[in-house]
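Structure first, commentary second.
In the working numbering, the protein residues as written are 1 to 267.
Now the structure itself:
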């Protein structure tokens, strides 16, 4: 039995661990490595030549799409994308018949995606996979060029971003300028907004990668704040701070995160 050399690329350790755990029962899968960011993944791909890649789309530094664009087609593995809800990405995957896993996914959905990819690899349908991937990357390249254009940049600068988050079968849409603070609760985040709160399955790291840098800041291992809603910051003890929001909510700023917060508030 020929083994399928497989690589996992995701900036979230728990997400990588979940994929690795699900692959343990697959007798024809050989896990050749894991990477938490794009540059390390490129090194592993060149060294291990994997045939299958589980790839997170949204990673800090280098996205999954940018990683693939740096690889020549001949060195590009088959890919199952792993992503949080992104309307453009999901539409593009479906249009080009590229398989993906939408976080959070079930074990059944994972194994179904793997089974489809396995059939395509076993049937040596590599040419069709390569063609679909090339078309997909051109779609993302065209979108990036449009976003970089002057008109698109002007619109992006003037309009608040929308953040889409999934909670069970519900999809919540938040305007980032209306999110006051975010509270970590295990594998979930409780997003506190001006119109109410919602509990969604997402990590702190992933959330920060999707919102404007410099506006949303981590102030504690389980707390992120939108600086727009900060009213007051005052020291308490042992280097910690007490932070008060405009609605009266009081949060604690740990000493570890204080240094990056204070300059942003120009205290």
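For each residue, glycine too, the CB sits at the ideal point set by N, CA and C.
Computed from a prediction, not measured in an experiment: that's the story for all the values here.
Can you give me the Cβ contacts of residue 241 inside the same chain, cut-off strictly under 7 Å, excluding the 5 residues immediately before and after it?
-> 233, 234, 235, 253 and 258
Which two residues bound the contiguous beta strand (DSSP E) that contains residue 231?
-> 230-235
May I ask which residues mark the beginning and end of the alpha helix (DSSP H) holding residue 120?
-> 107-122
Is the Cβ-Cβ distance between residue 173 and residue 188 less than 8 Å?
-> no
Buried/exposed call for residue 82, threshold 16 Cβ in 10 Å | buried
Roughly how many whole angstroms lie between the Cα atoms of residue 114 and residue 176?
-> 35 Å
Thinking C-beta only, is residue 78 closer than 8 Å to residue 52?
-> yes
Pull up the CB-CB distance for residue 223 and residue 181, whole angstroms please, since I reckon it's below 8 Å.
-> 7 Å
Do you know how far the Cα of residue 163 is from the Cα of residue 57?
-> 16 Å
Coil, strand or helix - residue 183 by DSSP | strand
Hey, how far is the Cα of residue 248 from the Cα of residue 207?
-> 24 Å
When the Cβ atoms of the segment 61-74 are set against those of the segment 96-105, are three or more pairs found closer than 8 Å?
-> no
Name the DSSP beta bridge partners of residue 247, please?
-> None, per the DSSP bridge assignment.
Tell me, please, whether the CB atom of residue 38 is closer than 8 Å to any CB atom in chain B?
-> The chain labelled as chain B is not found in the depicted structure, where only one protein chain is given.
Compute the Euclidean distance between the alpha carbons of residue 10 and residue 209, then round it to the nearest angstrom.
-> 13 Å
Helix or strand or just coil, what does DSSP make of residue 135?
-> helix
With 16 other Cβ atoms within 10 Å as the buried cut-off, status of residue 3 | exposed
Since residue 312 is in the beta strand (DSSP E), which residue starts that stretch and which ends it?
-> There is no way to answer for residue 312, as the model of the chain reaches only from 1 to 267.
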